[in-house]
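J.:
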Amino acid sequence: MTTAHPVPSVPPAPSTGTLPDGAAPAIEVVALRKAYGSTVAVRDVSFAVGQGEIFGILGPNGAGKTTTVECLAGLRQADAGSVRILGRDPQKDPASVRELLGVQLQEAELNERMTVAEAMRLYASFYEDPADVGELLDLLELTPHRDRQFAKLSGGQKQRLSIALALVGNPQVAILDELTTGLDPQARRTTWELVERVRDRGVTILLVTHFMDEAERLCDRLVIIDQGVVVATGSPAELIEQVDTSRVLRLRVEPHEEVGVLEVLAGLADVQAVTRDGHEIEVTGTRRVLPAVVLALAEQDVVPDVRTVSRSLEDVFVHVTGRTYDHTGAADAAAADDSNDTEGAVR
Numbered sequence: 057m058t059t060a061h062p063v064p065s066v067p068p069a070p071s072t073g074t075l076p077d078g079a080a081p082a083i084e085v086v087a088l089r090k091a092y093g094s095t096v097a098v099r100d101v102s103f104a105v106g107q108g109e110i111f112g113i114l115g116p117n118g119a120g121k122t123t124t125v126e127c128l129a130g131l132r133q134a135d136a137g138s139v140r141i142l143g144r145d146p147q148k149d150p151a152s153v154r155e156l157l158g159v160q161l162q163e164a165e166l167n168e169r170m171t172v173a174e175a176m177r178l179y180a181s182f183y184e185d186p187a188d189v190g191e192l193l194d195l196l197e198l199t200p201h202r203d204r205q206f207a208k209l210s211g212g213q214k215q216r217l218s219i220a221l222a223l224v225g226n227p228q229v230a231i232l233d234e235l236t237t238g239l240d241p242q243a244r245r246t247t248w249e250l251v252e253r254v255r256d257r258g259v260t261i262l263l264v265t266h267f268m269d270e271a272e273r274l275c276d277r278l279v280i281i282d283q284g285v286v287v288a289t290g291s292p293a294e295l296i297e298q299v300d301t302s303r304v305l306r307l308r309v310e311p312h313e314e315v316g317v318l319e320v321l322a323g324l325a326d327v328q329a330v331t332r333d334g335h336e337i338e339v340t341g342t343r344r345v346l347p348a349v350v351l352a353l354a355e356q357d358v359v360p361d362v363r364t365v366s367r368s369l370e371d372v373f374v375h376v377t378g379r380t381y382d383h384t385g386a387a388d389a390a391a392a393d394d395s396n397d398t399e400g401a402v403r
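Our numbering puts the first residue of the sequence shown at 57, with every later residue one more than the last.
If you want it as structure tokens, here you go:
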């Protein structure tokens with residue numbers, strides 16, 4: 057288990073992060089702050105998104121993710137800081153980003169009797185140079201459902217339609233908020249593949265999610281936000297590597313081989329710790345521990361069943377916040393209940 061460290065009482069100085077190849081940012085957020093009464097939803101949040109990236113905003117429900125992207129989209133007025141979409145300011149001039157930005161928000165709904173094709177034609181009419189509706193329906197696998205009413209769509213089909221509506225204006229940047237919430241595992245995987253297809257068309261994607269596996273699968277880089285503060289920034293691999301450079305293996309050997317195996321492992325320089333867990337032996341060591349263990353046991357004619365134990369973004373969250381990750385959404389529900397009388401719930 058990774059050693060937990062508390063969140064610093066004073067957040068670090070704002071940093072928008074380093075973009076690949078020093079490219080100009082598609083999105084830039086600097087020291088963004090938003091409060092609802094005495095509740096600070098977003099506190100000095102900063103990050104930059106390179107053109108063509110899938111960039112994630114990851115955090116538990118109630119962390120301030122949706123508030124951040126609503127400020128970016130010009131849907132909420134920030135209290136301080138600056139935001140830019142391709143160099144334009146959506147806070148001062150929301151209309152200036154209208155043709156550049158597509159937004160899929162978590163709670164968007166359509167008239168239940170509107171068909172898929174009707175919704176697409178309606179949204180396309182809002183733009184001077186809309187995308188080809190038929191092409192988008194094909195891309196998002198909605199052509200067979202073009203005449204189906206919104207109320208009769210499955211959860212996955214509704215999500216795919218929301219992506220199509222976000223893209224119908226031919227945006228250069230798309231914000232996708234909690235894209236796969238409520239979907240079954242197969243629908244989630246299908247949606248992930250569609251997001252990657254959208255990026256392959258040249259669209260920069262800002263992905264808002266509380267799912268760790270989704271962020272690890274899709275994001276080139278990301279920020280982790282907790283209680284309105286950015287607590288970590290980088291690629292998934294970089295963040296996981298920063299938590300702990302050790303490697304963990306689990307071995308299974310024949311019962312009569314265990315004593316000899318434990319003796320061999322204890323003598324290896326790349327092994328830092330060995331523990332027994334039921335019928336398995338857990339080995340913690342350096343980055344070279346896997347080949348070192350396999351080679352040493354092969355010399356003893358022992359062929360173990362070996363599996364590696366991977367670190368995850370959840371380990372990163374525990375490391376930087378000092379607490380476990382809330383998967384239940386209870387924090388979000390509590391925030392919403394406490395905020396019904398304010399401008400909006402902390403999201």
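Backbone N, C-alpha and C define an ideal beta-carbon position, used for all residues, glycine too.
In three-state terms, what does DSSP make of LEU239?
T.: coil
J.: Just the Cα atoms here: how many angstroms apart are GLU294 and ARG177?
T.: C-alpha separation (whole angstroms): 43 Å.
J.: Nearest to ARG144 by alpha carbon, out of ASN167, GLU168, LYS214, VAL229?
T.: Cα-wise, what sits closest to ARG144 is VAL229.
J.: Rounded to whole angstroms, what's the CA-CA distance from VAL189 to GLY341? Just pull it up for me.
T.: Cα-Cα distance, rounded: 54 Å.
J.: Could you check whether VAL259 and LEU235 sit closer than 9 Å to each other, using their CB atoms as the reference points?
T.: no
J.: Identify every residue that forms a DSSP beta bridge with ALA175.
T.: Per DSSP, none; premise fails for ALA175.
J.: Within 10 angstroms of its Cβ, does THR301 collect 16 or more other Cβ (buried), or is it exposed?
T.: exposed
J.: For the beta strand (DSSP E) that contains SER102, what are its first and last residues?
T.: 95-106
J.: Just reading off the alpha helix (DSSP H) that SER218 is part of, what are its end residues?
T.: 211-223
J.: What are the partner residues of GLN160, as DSSP defines its beta bridges?
T.: LEU232
J.: Tell me the DSSP secondary structure of SER152 in three-state form.
T.: Shown here, SER152 sits in a helix according to DSSP, grouped into three states.
J.: Taking Cβ positions, are ALA97 and ILE83 nearer each other than 9 Å?
T.: no
J.: Start and end of the beta strand (DSSP E) containing ARG273?
T.: That residue, ARG273, is in no beta strand (DSSP E); its alpha helix (DSSP H) goes 268-274.
J.: Return the bridge partner residues of ASP382 from the DSSP annotation.
T.: For ASP382, which the question treats as bridged, DSSP gives no partner whatsoever.
J.: Check whether the Cβ atoms of LEU217 and LEU166 sit closer than 9 Å, and answer yes or no.
T.: The criterion of a C-beta distance shorter than 9 Å is satisfied by LEU217 and LEU166.
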